[in-house]
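Contents: one structure, followed by commentary.
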Amino acid sequence: METPPTSKTTAAARTDPAEIETRDMLLNIGPAHPAMHGIIRIVAKLDGEQIKDAEVEIGYLHRGFEKMAEVVDYNGVIPYTDRLNYVSPLINNMGYCMAVEKLLGISVPERCHYVRVILSEISRISDHLTCVGATAMELGSFTVFLYLIKAREFLWELVEKVTGARLTVTYCRVGGVKADLPDDFEGPCRKAFAETRKVLVEADGLLTRNRIFTDRMNGTGVISAEDAISYGITGPFLRATGAEYDVRKDCPYAVYDRLPFDVPVGTRGDNMDRFLVRMEEMEQSMRIVEAALRDLPPGPVLVNPETGRPIPAAEMVDLAKMGKIEAITGGCAVACPTLGGSGRDRHPSIATDEKRVFLPPKEDGYGNIEGLMQQFKLVMHGHGVRPPKGEVYFPVEGANGELGFYVVSDGSGSAYRVRVRPPCFAIMSALHTLLVGDMMADMVPTFGSVNMIGGELDR
Amino acid sequence: MNTSSLIQSVTDRFRDAVLSSHGWRGDATVLVRREFLVEVARHLKEDPALQMNYLMDLTAVDYSSFGKKPAPAFFSSAGVAVRPSSQIPDEAPWPGPPERSRYAVVYHFYSMAHKHRLRLVVPVEEAADGTVAPVDSLTGLWPGANWLEREIWDMFGIGFRGHPNLKRILMYEGFEGHPLRKDYPVNKRQPLIGPVN
């Protein structure tokens, strides 16, 4: 029978740690890994469970956005911008369109600004919901993930109501937006916010004082404000370190300078602070939308003088059959939910009056020669929106930070160069400093709080 | 500082380095000689009146086919095509791309303390044999420049002197050419290769 090793021999083997052979282990995580939401590869050098070094490799989702933007016309780039940060496409739409508008030197009507602000804040909430939900799910709180995705669903229904699509919305146009808000927008919006607030309270109760969650979030993935700034990090990630920079406050665009909101900042720059900053930003975004809905300048509305309601297409046909044409002459019908707001009546309030930039309302495009010519000159090959020669940079506050568009025009119908400053590129370039020194398991919450979006990172 | 005083302060400090400047559409822009880049950037970062602590963006433009597309008659490509808005200041037209240089490396700086932005444009020449003059790396001043410079190397083939790890970032190691150069065809295909290691 074999004798068990005596305590003496074990103790002898442990006496001199220098004699124990240790080697660093290389661990390859990704490009497709369950804990990596996004295609990215991290080669980590491990000492036991501690990360000694990490090499981040990106580029797996490169689709040549910037090259394609040089080929298609100015409005043709907008669908591509949807696919940059596909969790909040409306902010990308807005950033690109405002950059081209600056290049053109035109301004949009006030109502259009408000509509853009409302939709980009709704997108910001849905982006933060996704980020917080995914982080929570990776730390074991699958329930929270489902709750938050439920809330996102309410918001996406709103987005669908306005744009006709949930994800690839392509809503903004150079010089305006595709269509006005639907008439029954405010009620569903308030209802969706009430539901979202309920979900946020639930998520807060399930996460913020949850030992398992807080122990893994507190003190992991720490970055100082100086380091964050030197890496060019912006957005909630920067604000969690205590540095206060928000494009909406510091370089206000659209109508953000008129809307009340606070910029939440953290103190420690760890995963927990980033989570709390995002939770508070959602509330602030709802505040912005509510104020914007209150201040929204009224658009001209065509109503049936008999019923006092807007005229749907079917009703218009009925009215015409009965010969009641005085109610509909010169007006337009609510054709379909997505195009309803872009008729002749709403057009001036959502689009620039510059005829060389924006398409005419459909009634004019189909109904008279001036409208047809305007449409032709904008959509036919070899024509289109033509900004003067020049270069501009325009930043907006994306969900992850400063989203900038640098556009160079050579006076032709397509951009000479479009450059996106993707907010999570800066964060990803600093990711190795966040990981080094932490445990292997801390990579999961740290990577979750980065909110890496492959679409905008790799373009 | 506003656009004109920003340009003025940089121009006064670096008379030899500044090639030209403009404030088109309110974006303060200074063209700087390649050799003076690091000196100017350090001044922007450390001068108390400027305090440009952010390197917001770093990109490049290949100007080799600029203005060579035929301009249709609908909009004349010269002058202001569309009525400028009263909100956006625009006194003089854009002076045009840097002369005699194929590339321009474009830096966007931002100051958190003063809330002003400055664009630095560094013209980069290409020799007759196709070699591109290298630009000094800013990784010593902003570590965030590391990946951004790698991206420019990847997309344009502009080298950076003093960069610690200049290799491709978005494309793969075996990729041939630099896709954002104007002479790289948009529909060119390259064989997909397997992993290197």
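Protein sequence lines correspond, in order, to chains A and B.
Its first residue numbered 1, the first sequence is counted upward by one per residue in our numbering.
Its first residue numbered 1001, the second sequence is counted upward by one per residue in our numbering.
We put the beta carbon where it would ideally sit given N, CA and C, even for glycine.
Own chain partners of residue i with C-beta closer than 8 Å, once the 5 adjacent residues on each side are dropped
{"i": "P1072(B)", "result": "For P1072(B), the predicted structure reports a pLDDT of 48, less than 50, and the residue's modelled location is therefore unreliable. A value from the coordinates is still provided. Taken in chain order, the list of residues that qualify is empty."}
{"i": "G437(A)", "result": "Q50, I51"}
{"i": "E1039(B)", "result": "F1014, A1017"}
{"i": "T1011(B)", "result": "V1018, S1021, V1030"}
{"i": "G1162(B)", "result": "D1136, S1137, T1139, G1140"}
{"i": "G1079(B)", "result": "In this prediction, G1079(B) has a pLDDT of 35, which is less than 50 and means its spatial position is unreliable; what the coordinates show is noted afterwards. Correct list, in chain order: P1093."}
Own chain partners of residue i with C-beta closer than 6 Å, once the 5 adjacent residues on each side are dropped
{"i": "L1118(B)", "result": "L1006, A1028, F1109"}
{"i": "Y406(A)", "result": "Y393, R419"}
{"i": "L293(A)", "result": "E186"}
{"i": "S1020(B)", "result": "L1031"}
{"i": "G401(A)", "result": "T234, G235, P423"}
{"i": "V1082(B)", "result": "With a pLDDT of 49 at V1082(B), under the threshold of 50, the modelled position of that residue is not reliable, and the figure given next carries that caveat. Taken in chain order, the list of residues that qualify is empty."}
{"i": "D47(A)", "result": "D24"}
{"i": "V95(A)", "result": "What sits at residue 95(A) in the sequence shown is Gly, not Val. Here the set comprises V396, L403, F405."}
{"i": "L129(A)", "result": "L148, A151, R152"}
{"i": "R239(A)", "result": "V265, V277"}
{"i": "D127(A)", "result": "V87, S88, A399"}
Contact check, residue i vs residue j, beta carbons under 7 Å
{"i": "A1049(B)", "j": "V1105(B)", "result": "no"}
{"i": "S349(A)", "j": "R197(A)", "result": "no"}
{"i": "P34(A)", "j": "Y60(A)", "result": "no"}
{"i": "D73(A)", "j": "G384(A)", "result": "yes"}
{"i": "V1124(B)", "j": "I1169(B)", "result": "no"}
{"i": "G390(A)", "j": "W1094(B)", "result": "yes"}
{"i": "R229(A)", "j": "N1146(B)", "result": "The sequence given here has Ile at residue 229(A), not Arg. Result no, Cβ atoms of I229(A) and N1146(B) do not sit closer than 7 Å."}
{"i": "D246(A)", "j": "K1115(B)", "result": "no"}
{"i": "A426(A)", "j": "Y231(A)", "result": "yes"}
{"i": "T163(A)", "j": "I78(A)", "result": "no"}
{"i": "E121(A)", "j": "V289(A)", "result": "yes"}
{"i": "V1186(B)", "j": "V71(A)", "result": "yes"}
{"i": "L181(A)", "j": "V115(A)", "result": "yes"}
{"i": "D57(A)", "j": "R41(A)", "result": "Reading the sequence as shown, one finds Glu at residue 57(A) and not Asp. Yes; because the gap between Cβ atoms is below 7 Å, this pair is in contact."}
{"i": "G454(A)", "j": "I91(A)", "result": "no"}
{"i": "A192(A)", "j": "F154(A)", "result": "yes"}
{"i": "I125(A)", "j": "M282(A)", "result": "yes"}
{"i": "C172(A)", "j": "N93(A)", "result": "yes"}
Closest Cα partner of residue i within the set the options
{"i": "A243(A)", "options": "P298(A), I223(A), N368(A), R258(A)", "result": "I223(A)"}
{"i": "L1120(B)", "options": "R1025(B), N1187(B), L1058(B), D1016(B)", "result": "L1058(B)"}
{"i": "R278(A)", "options": "I58(A), G266(A), L146(A), S414(A)", "result": "G266(A)"}
{"i": "G175(A)", "options": "P109(A), K150(A), G401(A), L46(A)", "result": "P109(A)"}
{"i": "V132(A)", "options": "Y147(A), Y366(A), L119(A), I122(A)", "result": "Y147(A)"}
{"i": "S285(A)", "options": "M380(A), A399(A), P387(A)", "result": "A399(A)"}
{"i": "M98(A)", "options": "E290(A), V115(A), Y253(A), E121(A)", "result": "Y253(A)"}
{"i": "L1180(B)", "options": "M1155(B), L1037(B), S1065(B)", "result": "M1155(B)"}
{"i": "V1122(B)", "options": "S1065(B), Y1107(B), S1111(B), R1042(B)", "result": "Y1107(B)"}
{"i": "W1024(B)", "options": "K102(A), R124(A), N451(A)", "result": "K102(A)"}
{"i": "V100(A)", "options": "R124(A), N75(A), P89(A), R258(A)", "result": "N75(A)"}
{"i": "F1066(B)", "options": "Y416(A), K321(A), L238(A)", "result": "Y416(A)"}
{"i": "N28(A)", "options": "E21(A), A54(A), V144(A), D16(A)", "result": "A54(A)"}
{"i": "P1164(B)", "options": "M1171(B), M1056(B), G1130(B), E1149(B)", "result": "E1149(B)"}
{"i": "E1046(B)", "options": "K1068(B), S1111(B), R1102(B)", "result": "S1111(B)"}
{"i": "E226(A)", "options": "G371(A), D295(A), R268(A)", "result": "R268(A)"}
Residue i burial status per 10 Å Cβ neighbour count (16 or more: buried)
{"i": "T168(A)", "result": "exposed"}
{"i": "M25(A)", "result": "exposed"}
{"i": "G187(A)", "result": "exposed"}
{"i": "A1128(B)", "result": "exposed"}
{"i": "Y468(A)", "result": "Nothing can be reported for residue 468(A): it is not among the residues displayed for chain A, which extend from 1 to 459."}
{"i": "R1189(B)", "result": "exposed"}
{"i": "D458(A)", "result": "buried"}
{"i": "E1176(B)", "result": "exposed"}
{"i": "R1100(B)", "result": "exposed"}
{"i": "E1173(B)", "result": "exposed"}
{"i": "D1062(B)", "result": "buried"}
{"i": "E21(A)", "result": "exposed"}
Residues of its chain near residue i, where Cβ-Cβ distance is below 7 Å and the 5 sequence neighbours each way are ignored
{"i": "H347(A)", "result": "P361"}
{"i": "Y80(A)", "result": "F65, M68, A69"}
{"i": "A1133(B)", "result": "R1034, V1124, E1125"}
{"i": "E357(A)", "result": "In the sequence under discussion, the amino acid at residue 357(A) is Val, which differs from the Glu named in the question. Closer than 7 Å at Cβ, skipping near neighbours: L104, I106, V174, G175, V385."}
{"i": "L1055(B)", "result": "Y1107, F1109, L1138, W1142, G1144, A1145"}
{"i": "L207(A)", "result": "A136, S141, V144, F213"}
{"i": "D184(A)", "result": "none"}
{"i": "L1037(B)", "result": "V1122, V1135, D1136"}
Three or more C-beta pairs closer than 8 Å, one from the stretch 269-280 of chain A and one from the stretch 218-225 of chain A: is that the case here?
-> With the cut-off at 8 Å, the stretch 269-280 of chain A and the stretch 218-225 of chain A touch.
Would you check if the stretch 446-453 of chain A and the stretch 62-70 of chain A touch, i.e. whether three or more CB-CB distances between them fall below 8 Å?
-> Between the stretch 62-70 of chain A and the stretch 446-453 of chain A, the count of C-beta pairs closer than 8 Å stays below three; the two stretches do not touch.
Is there contact here, the stretch 83-97 of chain A with the stretch 426-441 of chain A, by at least three beta-carbon pairs under 8 Å?
-> Touching, no, given that fewer than three Cβ pairs across the two stretches are closer than 8 Å.
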